[in-house]
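Inspection log for the structure reproduced underneath, given as structure tokens.
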Amino acid sequence: MTFAPVAKGLLLGWSVAWPPGPINAEMIRRGLGRGFWSAYVVGLGACSGDFLWALLVALGAGALAQGPRVRLALAAVSFLLLLLLAASFFRGAWRARRGLDRPRPLDSAKGGFLLGFTLALSSPWNIAFWLAVVGQQETLAPADSLLLAASVMAGALTWGLVLCAALRLGARFATPAWEVATQLATGLLMLWFAARLALRVLS
Numbered sequence: 138m139t140f141a142p143v144a145k146g147l148l149l150g151w152s153v154a155w156p157p158g159p160i161n162a163e164m165i166r167r168g169l170g171r172g173f174w175s176a177y178v179v180g181l182g183a184c185s186g187d188f189l190w191a192l193l194v195a196l197g198a199g200a201l202a203q204g205p206r207v208r209l210a211l212a213a214v215s216f217l218l219l220l221l222l223a224a225s226f227f228r229g230a231w232r233a234r235r236g237l238d239r240p241r242p243l244d245s246a247k248g249g250f251l252l253g254f255t256l257a258l259s260s261p262w263n264i265a266f267w268l269a270v271v272g273q274q275e276t277l278a279p280a281d282s283l284l285l286a287a288s289v290m291a292g293a294l295t296w297g298l299v300l301c302a303a304l305r306l307g308a309r310f311a312t313p314a315w316e317v318a319t320q321l322a323t324g325l326l327m328l329w330f331a332a333r334l335a336l337r338v339l340s
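With the first letter of the sequence shown counted as 1, position 101 gets the number 238 in my numbering; the numbers rise by one all the way through.
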């Protein structure tokens with residue numbers, strides 16, 4: 138066993154975590170409105186979902202997810218989840234605008250973790266990523282494949298730390314008007330991600 142999988146995994150984890158997506162959008166919304174840990178639990182949930190995919194691929198079960206029906210089912214679940222999230226954020230913006238600030242279930246730490254976990258687990262692009270990264274590493278021993286997967290998770294978690302720490306200062310300046318704006322913006326982003334997913338599946 139060498140340290141090459143570790144270095145490769147850390148770079149892959151960072152590069153796969155930072156691009157814009159629904160998980161980062163929700164982390165940013167939470168980080169600006171509620172602080173570090175409220176945002177970071179979403180990243181922890183997403184990394185847990187990713188690691189489960191990586192483990193399944195490393196154990197050889199990833200081939201079951203390559204079928205078109207499975208990929209389509211995952212895309213449908215992800216699409217519906219994004220639409221539900223968009224509706225939830227629009228409702229949250231309306232409630233914040235009217236001063237009805239009762240916390241939503243998804244705003245809890247447990248809800249944030251489950252949200253990140255579900256988004257990562259239902260994304261058809263995540264399983265494609267893990268099949269490419271882990272499933273095609275034919276020269277790696279099983280232990281090295283798992284080490285690669287764990288290193289990717291470490292890289293993604295590091296990105297989450299950097300993002301949430303950077304958002305911590307911004308959370309000090311959050312106002313009710315800012316809460317309305319971030320809820321609306323995140324809802325629109327979720328709709329955009331859902332539309333992009335649908336176009337990719339249909340193309």
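Note that beta-carbon positions come from the ideal geometry of N, C-alpha and C, so glycine has one too. Keep in mind it's a predicted model, so treat the numbers as computed, not measured.
Is the beta carbon of residue i sitting closer than 8 angstroms to the one on residue j?
| i | j | result |
| --- | --- | --- |
| Trp174 | Ala246 | yes |
| Gly146 | Ala303 | no |
| Ala212 | Val338 | yes |
| Leu268 | Gly182 | no |
| Thr319 | Leu169 | yes |
| Phe188 | Met290 | yes |
| Arg171 | Val179 | no |
Going by DSSP in three states, residue i sits in which element: helix, strand or coil?
| i | result |
| --- | --- |
| Trp329 | helix |
| Ser215 | helix |
| Pro157 | coil |
| Gly180 | helix |
| Gly172 | coil |
| Asp221 | Residue identity check: residue 221 is Leu in the sequence provided, not Asp. Correct three-state label for Leu221: helix. |
| Ser282 | helix |
| Leu196 | coil |
| Arg245 | Just to set this straight, residue 245 is Ser in the shown sequence, not Arg. The answer is coil: DSSP assigns Ser245 none of H, G, I, E or B. |
| Arg232 | helix |
| Ser288 | helix |
| Ser340 | coil |
| Phe226 | helix |
| Ser152 | helix |
> Pairing CB atoms from the region 155-163 with CB atoms from the region 246-262, are three or more of them under 8 angstroms?
Replying inline: Result yes; three or more Cβ-Cβ pairs closer than 8 angstroms.
>> Taking 8 angstroms as the cut-off, does the region 288-307 touch the region 143-154 (at least 3 CB pairs, one atom from each stretch)?
In response: Enough Cβ pairs lie closer than 8 angstroms, so yes.
> Are there three or more Cβ pairs, one per stretch, closer than 8 angstroms when the region 219-235 is compared with the region 314-331?
Replying inline: With the cut-off at 8 angstroms, the region 219-235 and the region 314-331 touch.
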